[in-house]
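Top line first, the protein sequences correspond to chains C and S.
Heads up: take any position in the first sequence, counting from 1, add 16, and you land on the numbering used here.
Heads up: take any position in the second sequence, counting from 1, add 895, and you land on the numbering used here.
C-beta: ideal position from N, C-alpha, C; glycine also.
Let me begin by presenting the structure, written as structure tokens, before commenting on it.
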Amino acid sequence: MTDLAPLSVAVPLLAAALLAFLHHLLPRRVFDLLAITAAAAAAALTLVLLAHVANGLSVYWFGGWHPRHGLAIGIDFAVEPIGAGLAAFVAILMVLALVYSYRVEDVQAPHYHVLMLTFMAGMVGFCLSGDLFNMFVFFELMSVSAVALVAYKVHEQAALEGGLNFAVINTIGAFLFLLGIGLIYAHTGALNLAQIGRVLANSPNDRVTVVAFTLLVAAFLVKAAVVPFHFWLDDAYAVALAPVCLLLAGAMSEMGLYGLARIWYGVFAPAFGGQEGVIRAVLVGGGLITAVWGAAMSLSEDHLKRMLAFLTISFVGIFLIGVGLLTADGLAGTAVYVLADGFAKASLFGCVGIVQHRLGQVGQRRLHGKARHLRATGALFLFGGLLAASLPPFGPFLGKSMIEDAAVKVGYGFAAPLIVLASALAGAAVLRAGARIFLGWGDVEEDRESSSSDEETESETTGSRDRTPAVMFVPTLLLVLAAAGIGVWFGFADLAGTAAHRFVDGVGYRAAVFGAPPPLATAHSSSPEWYDWLYSGGATVLALIVAAAGLWGRRIKAHAALAGAATIMRPLKALHTGRIGDYTAALALGVVVLGALFTITLR
Amino acid sequence: MSVYPYIVVAWLLGVGLYGVISSRNYIHLIMCLTVMQASTYVLLLAIGYRTGAKAPIFADIPEHSRVVDPIVQALTLTDVVVEATVVALLLALAVQAHKRYGTTDPDAMVRMRE
């Protein structure tokens, strides 16, 4: 059964190679079908894998290089429920995105499908890998494919810029990753996560370990786009094709956080276990800033895709809070939230893609009232907004309450109101946009500072514009249903809880990699407390109020409030310059701050 | 083990970073990125280096000879391949920028959009 793990990476890679090879011979529709089949096969493989490891951890050693004499030299896939679940989530999103791509215009024949498949292979491999250097290679495979997909519409200036910003910042992130790997290898002589963890557990810490830890954390935070490493994200996501955004927003940002959790529990927890408090404070603090920053920016953004990109940043902040609490409960909450919210964000991008297909524009003010006839899409979009604002009892509500409960348990109760604020603002941004576009509500503002030419996005799809194609609508509908459905069944929380408790058991993980039977999973069950319903209900109501204020602020004489909000936002917006140099400087500053905090406090 | 290789690592990383931050030309910027990348090569090779050791090819040396660490060399090689892909992709984008907008200046690209 464990042989399925390498297959779930090999199948998409082989399919990609085959498609690249056959591109002269096959018509486009055959390409679509082959790519969808490959993605579906990977989805099936990862789902079988998930069912297989539901109660344990299974390890596959490439080339049969099993550990000998307690020394792991070989390269392994260490599959446990959280990683396998994330891999399955990626593959399912990819199937839907490829179906959705049926109408995407071909710029150059086979590249799109090939890149999508290598992108997926990178993400799936990253989720399953139990080897630090292989994580790096899959990380790069995923980044390079993603860059090429973001810059796919090379005839658009914004796409070129977005791709370049994305590539440069993520490449610097990759250097940090590699430097971290080098240092940790120098210190422990190992690349296998379990082996490194064992050595660290039995040796005193020194500065090298702290520096390596800082570099690795920074690399993952760049990928996850946490403030101040986040500037590349909105430039990149704003210009990508809608089906690519499905994957980017739904899954790629979360990969960084998965990597962070993986190296913490697998490798560093024994070394820094005593100083958990410091690391928790740093990570949760970064998460809170990111959550509020992203939400505020999304509320002040006119360009629909850019708005959703900031929404993604905001939710990554909340996920980081869950992971950064460094408890199994927080991780379980994040796991549920990542799935539910990933589906919700993907569905919102799906709706935007439909709007772009039908109306050829993505600026909110220009689209004002123009999409009244797209009733079904509008309903999905507005419902997606309510999901983002964590309307009980659906998926995002469940995940968010689990994170809040976990925060309260470790004495971080103050985080809960800030999470509520962030999700309310983010939800309000979507609801306001939906009300403007699909209902024509609100005041028609003159287009004063609707900034850029990147609003004049060219169409990216072919075919008749008079109807919404089923290939675009049905995947979007399925995504919304998935996001909502996860919460309707609270049993999902228990599954995630059990998986998370297994994930945080670093000792059990390391023992299992070295051949011991995986420890028995203890069942965990949790359900939202009464105050969670209050918090999430409050977030939904607050989102509706803020959205209404944004729509009719002028009419109800709330000029002062609107002006105040604009004043707060101006310096934040000014920081998003679009210049690679500025973003790199912010990244360097972030690494220095992170390094200083860890060097002073960890030992 | 000498400290000098690590000074070189820090220097390459620093000057490369300065170049990326201050660059006014995409090609120059990408080359600065490769300078930063060179620091990773030096670090990896320095980690595996043993004074007076031989290359880890056991065909013509005794089995228990002192050799340098082959793993970091393999890592470096992989790194070269991976980053060559990235640089090729970046240069392709820079070429597109020049072809379509007649500039390789990031600032000019930003101004053009406004």
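Within the DSSP bridge table, the entry for HIS319(C) names GLY379(C) as partners. Listed in chain order, the non-local C-beta contacts of ALA183(C) below 6 Å within the same chain comprise VAL163, local neighbours out to five positions each way being set aside. Distance between GLU978(S) and ASN186(C), taken at the CA atoms: about 12 Å. Interface flag for ILE188(C) against chain S is set, since a Cβ pair is found closer than 8 Å. In summary, the residues of the segment 974-994 of chain S whose CB is separated from some CB of chain C by less than 7 Å are ASP974, VAL977, THR980, VAL981, LEU984, LEU985, LEU988, GLN991, ALA992, in the order they occur in the chain. A distance below 8 Å separates the beta carbons of ALA137(C) and VAL25(C).
Membership of VAL226(C) in the alpha helix (DSSP H) is indicated by the continuous run 223-240.
Of all residues in the segment 152-163 of chain C, only VAL153, GLU156, VAL160, VAL163 come within less than 7 Å of chain S when Cβ atoms are compared, listed by chain position.
Taking a Cβ-Cβ threshold of 7 Å, the residues of chain S close to VAL170(C) are GLN991, in chain order. Of the other Cβ atoms in all chains shown, 16 or more fall within 10 Å of the Cβ of PHE508(C); this residue is therefore buried.
VAL910(S) and ILE89(C) have their alpha carbons spaced roughly 36 Å apart. Here LEU375(C) really is in contact with LYS386(C); their C-beta atoms are around 6 Å apart, less than 8 Å. Distance from the CA atom of ASP421(C) to the CA atom of ALA311(C), rounded to whole angstroms, is 22 Å.
Within the model, the alpha-carbon separation for ALA254(C) versus LEU112(C) is close to 20 Å.
Between the C-alpha atoms of ARG296(C) and PRO220(C) there is a straight-line separation of about 21 Å.
With a threshold of 8 Å between beta carbons, ARG595(C) makes contact with chain S. The C-beta distance from ALA167(C) to LEU157(C) rounds to 17 Å, too long to meet the 8 Å contact threshold.
Counting every other CB atom within 10 Å of its CB across the protein chains shown gives ALA579(C) a total below 16, marking it as exposed. Using a Cβ distance threshold of 8 Å, LEU180(C) and TYR921(S) count as a contacting pair. Secondary structure of ALA954(S) (DSSP, three-state): coil. Under the three-state reduction of DSSP, TRP77(C) is assigned to strand.
Of the residues TRP505(C), PHE454(C), ALA217(C), the one whose Cα lies closest to the Cα of ARG388(C) is PHE454(C).
Within the segment 187-215 of chain C, THR187, ILE188, ALA190, PHE191, LEU194, LEU195, ILE197, GLY198, LEU199, TYR201, ALA202, GLY205, LEU207 place their CB atoms closer than 9 Å to a CB of chain S, listed in sequence order. Cα atoms of LEU304(C) and ASP510(C): separation of roughly 26 Å, rounded to the nearest angstrom. Membership of ASP92(C) in the beta strand (DSSP E) is indicated by the continuous run 92-95.
A buried status is given to SER145(C), since no fewer than 16 other beta-carbon atoms sit within 10 Å of its beta-carbon. For GLN377(C), no Cβ of chain S is located within less than 8 Å of the residue's own Cβ. With contacts defined by Cβ atoms closer than 8 Å, GLY524(C) and PRO535(C) form a contacting pair. LEU403(C) and ALA444(C) have their C-alpha atoms spaced approximately 11 Å apart.
Relative to the Cα of GLY272(C), the nearest Cα in the group PHE154(C), HIS203(C), ARG381(C) belongs to PHE154(C).
Beta-bridge partners assigned by DSSP to LYS949(S): VAL962(S). Under the criterion of beta carbons closer than 8 Å, ALA950(S) and VAL937(S) do not qualify as touching, at roughly 18 Å. Around the CB of THR615(C), fewer than 16 other CB atoms lie within 10 Å, so the residue is classed as exposed. Taking a contact as a CB-CB distance under 8 Å, the pair ALA356(C) and GLY415(C) counts as one, their CB atoms being some 5 Å apart.
One finds ALA992, ARG995, TYR996, MET1004, MET1007, ARG1008 in chain S with Cβ atoms closer than 9 Å to the Cβ of GLN173(C), taken in chain order. For MET931(S), the nearest CB of chain C lies under 8 Å from its own CB, placing it at the interface with that chain.
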